[in-house]
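Residue numbers (my numbering), protein chains in the order written: chain S, -9 to 306; chain G, 18 to 285. Where is the CB? At the ideal position from N, CA and C, for every residue including glycine. Right, one structure below, let's go through it.
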Amino acid sequence: MATSTSRTAMPTQRSNSSRLLDKGFVWVTGAFAIGVGLVLLAIAYRVGTDSLPAIQRFGLGFLATTRWSVNDEVFGALTQIYGTLVTSFIALLIAVPIGIGVALFLSEDYLPPRIKQPIVFLIELLAAIPSVVYGLWGIFVLIPLLRPFGIWLNANFGWIPIFSTAPAGPGIYAAGIILSIMILPIIAAISRDALVAVPTEIRQAAYGLGATRWETIFQIILPAAFSGIVGGIMLALGRAMGETMAVTMVIGNSNSIDLSILSQGSTVSSLLANQFAEAGGLQVSSLMYAALILFGLTLVVNVLAELIVRRFSLKL
Amino acid sequence: MAPELQNARKTDTVFRTENLNIYYGDFLAVRDITIEIHKNKITAFIGPSGCGKSTVLRCFNRLNDLIQSFHMDGKLFYRDQDLYAAEIDPVEVRRQIGMVFQKPNPFPKSIYDNIAFGPRLLGYKGDMDELVERSLKQAALWDDVKDKLKEMGTDLSGGQQQRLCIARAIAVQPDVILMDEPCSSLDPISTLKVEDLLQELKEKYTILIVTHNMQQASRASDRTAFFNVEANAKGQRTGYIVEYDRTEVIFQSPQEQATQAYVSGRFG
Ligand SMILES: Nc1ncnc2c1ncn2[C@@H]1O[C@H](COP(=O)(O)OP(=O)(O)OP(=O)(O)O)[C@@H](O)[C@H]1O
Ligand SMILES: [Mg+2]
């Protein structure tokens, strides 16, 4: 009697423990995913409520005021927002072309794998250097190295507002350059993955139609990898805007705005790092407000990235 | 277009090879290929898997040049021009000799841009819309896609994608079209459509087709080369041509025992 039931049941029934495991897996992973979302919301909520006093006091004027005076309790973050945007922009300006170039070089068959693998590894290692080490390197190596170049820029192109001051040693441009090195491996590694993921069949199709290597790269491979590359750039931009330690060490931490990238400046994150420890009252709230703005900026970057990727993504 | 290749278009034998030996590194993949390919004919390559059909096919448009370990000795003439002569640019060769691959491989671009890609590379000055339409019609795809030329080529069905790839290959008006198992991922109906298409295309083009489908070879081709593979003393499995003749001869009265066995399905 037992045989007949088990026979008919066989093909459809899996053991209970296996089903349970399946269900359990879905639940556990689901809980983790929701958990991450909740943490994000909790942080946003906390930063939001803590910044409320400053928001009520300064309103949107906070974004347009450059004065940051603890004594007068007048706070405005324009200097820092400008610093954040400009340093990130400089970083992208340098790191995007180099990063994509490196990625292309390492995804094509210019080098035998024996040489290519170690180079890929070394570039990824760049991402593993602690940012305080970058900061030290910036102070002792990069800034002295950049000084003559800064002086030359100011002497010859001083009429352009962004080069209008004599270099002060530390400064916005040094921070931008440090950032570019820090985000280079992100861009290079993600772009390379995106390029390598383009199917060889498509590459062969282009060559088969008589495309040269360059035509194939620029008209087929890069467009096909576009969404992945943009994703990498946006991740790098997020990193650049949030990076604190190295920037704080080389930017000079001046709270007065100057358009010149050769001058000292500060970013939202360097401001937070510098002031949080001994801040109180409205200053804390203003710092929270600044943090909220940084939060907003990164959110905008990510949404933009998502839109760009959707708009241009090429399905493979 | 390079003048050497331009002059080459005139003669009647499209390809002529003399004792091709093709290697991947030390591995001799195919040996002693001596064959003539005739103009406006469909030539089929048949034979068991791994006997080097694709390898030989890719020599005709120098696509093997992309494989680093590839090298070759012997001679390969394209209408009296040595295709592997130093002054020949492989890019030019591929503009004359188009290819359709086993797996449909449309670009991740619109249907229109898939077709226009090749002509744009060549600096085509004429009416592109007209060329796209004509190529799609020749590939029997126009009715399927005429209302959605802006949609992605990769969103089409497998059979439609393969016809798109054929349209893309003929849009550059090559002299020869190489096809490596073009129907292997297609359903029987699409396969028949492609076969009909081949008959139309051979009016204008010379076609080489690799196929595992015996019926297809016997139905669609004019000449057939039967490849086989044999282990040599070093244990390398090297392919060679057993027999090359008119398709009726290969299928009805082949000279070789092995051919007879293969085409009648008694191969082992
Ligand atoms: N890129 C390559 N590198 C090294 N060896 C290769 C390469 N391509 C093919 N070969 C080898 O060359 C031989 C012939 O391969 P080829 O692909 O030409 O066979 P085929 O007749 O087309 O087979 P199939 O019918 O399965 O497509 C095989 O032994 C294969 O392993
Ligand atoms: Mg093959």
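At least one heavy atom of ligand 2 falls within 6 Å of the beta-carbon of G:Ser71. By the criterion of at least three beta-carbon pairs nearer than 8 Å, the region 206 to 221 of chain S is not in contact with the region 91 to 107 of chain G. Within the region 77 to 104 of chain G, contact with chain S at the beta-carbon level (separation under 8 Å) is assigned to Asn78, Leu80, Leu83 and Gln85. For the C-beta of G:Met116, the chain S residues within less than 7 Å are, from N- to C-terminus, Gly198. Nearest neighbour of S:Ser244 by Cα position, chosen from S:Ile192, S:Ala165, S:Thr206 and S:Phe139, turns out to be S:Ala165.
Restricting attention to beta strand (DSSP E) runs no shorter than 3 residues, the region 149 to 184 of chain G encloses none. Counting every other CB atom within 10 Å of its CB across the protein chains shown gives G:Phe32 a total of 16 or more, marking it as buried. Contact of G:Asn122 with chain S is assigned, a C-beta pair being separated by under 7 Å. For the 7 Å CB-CB criterion, G:Ile63 and G:Phe243 form a contact. Burial check for S:Trp149: the Cβ neighbour count within 10 Å stays below 16, so the residue is exposed. Under the three-state reduction of DSSP output, S:Ile141 falls in the helix class. Approximately 11 Å separates the beta-carbon atoms of G:Ile54 and G:Ile226; this is outside 8 Å, ruling out the contact.
Taking the beta carbon of S:Ala184 as reference, no residue of chain G falls within 8 Å; the closest one sits roughly 12 Å away. Within the region 125 to 139 of chain G, contact with chain S at the beta-carbon level (separation under 8 Å) is assigned to Pro125, Lys126, Phe134, Gly135, Leu138 and Leu139. Taking 8 Å as the upper bound on Cβ-Cβ separation, chain G lies near residues Pro189, Glu191, Ile192 and Gln194 of the region 164 to 194 of chain S. Placement of the Cβ of S:Ser217 at a distance of 6 Å or more from every heavy atom of ligand 1 is found. The criterion of a C-beta distance shorter than 7 Å is not satisfied by G:Arg151 and G:Val110.
Within the region 156 to 187 of chain S, complete alpha helix (DSSP H) segments of at least 4 residues are found at 162 to 186, given in chain order.
Of the heavy atoms belonging to ligand 1, at least one sits nearer than 6 Å to the Cβ of G:Cys68. Secondary structure at S:Arg203: helix, using DSSP grouped into helix, strand and coil. For G:Lys210, the enclosing alpha helix (DSSP H) covers residues Pro205 to Leu218.
Around the beta-carbon of S:Val123, fewer than 16 other beta-carbon atoms lie within 10 Å, marking it exposed.
Interface criterion met: the Cβ of G:Arg111 is under 7 Å from a Cβ in chain S.
For G:Ala248, no alpha helix (DSSP H) segment is defined; the enclosing uninterrupted segment is the beta strand (DSSP E) at Arg240 to Ala248.
From the listed residues S:Leu272, S:Ile207 and S:Leu11, the smallest Cα separation to S:Glu98 is found for S:Ile207. In the DSSP assignment, G:Thr60 falls within the unbroken beta strand (DSSP E) covering Ile59 to Ile63.
About 20 Å separates the Cβ atoms of S:Asp40 and S:Met231, ruling out a contact at the 8 Å cut-off. When the alpha-carbon of G:Ile224 is set against those of G:Asn122, G:Gly175 and G:Val117, the nearest one is in G:Val117. At least one CB of chain S lies nearer than 7 Å to the CB of G:Val108. By the Cβ test, the region 164 to 181 of chain S is not in contact with the region 193 to 209 of chain S, since fewer than three Cβ pairs between them sit closer than 8 Å. Along the region 174 to 204 of chain G, going in chain order, the ones with a CB nearer than 8 Å to a CB of chain S are Cys182, Arg185, Ala186 and Val189. A distance criterion of 6 Å places the beta-carbon of G:Ile183 beyond contact range of ligand 1, judged by its closest non-hydrogen atom. DSSP places G:Asn36 in the uninterrupted beta strand (DSSP E) bounded by Thr30 to Tyr41. In this structure, the alpha-carbon of G:Ser86 lies about 12 Å from that of S:Pro102. By the rule that beta-carbons nearer than 7 Å mark a contact, S:Ala214 touches chain G. With a threshold of 7 Å between beta carbons, S:Ile207 makes no contact with chain G.
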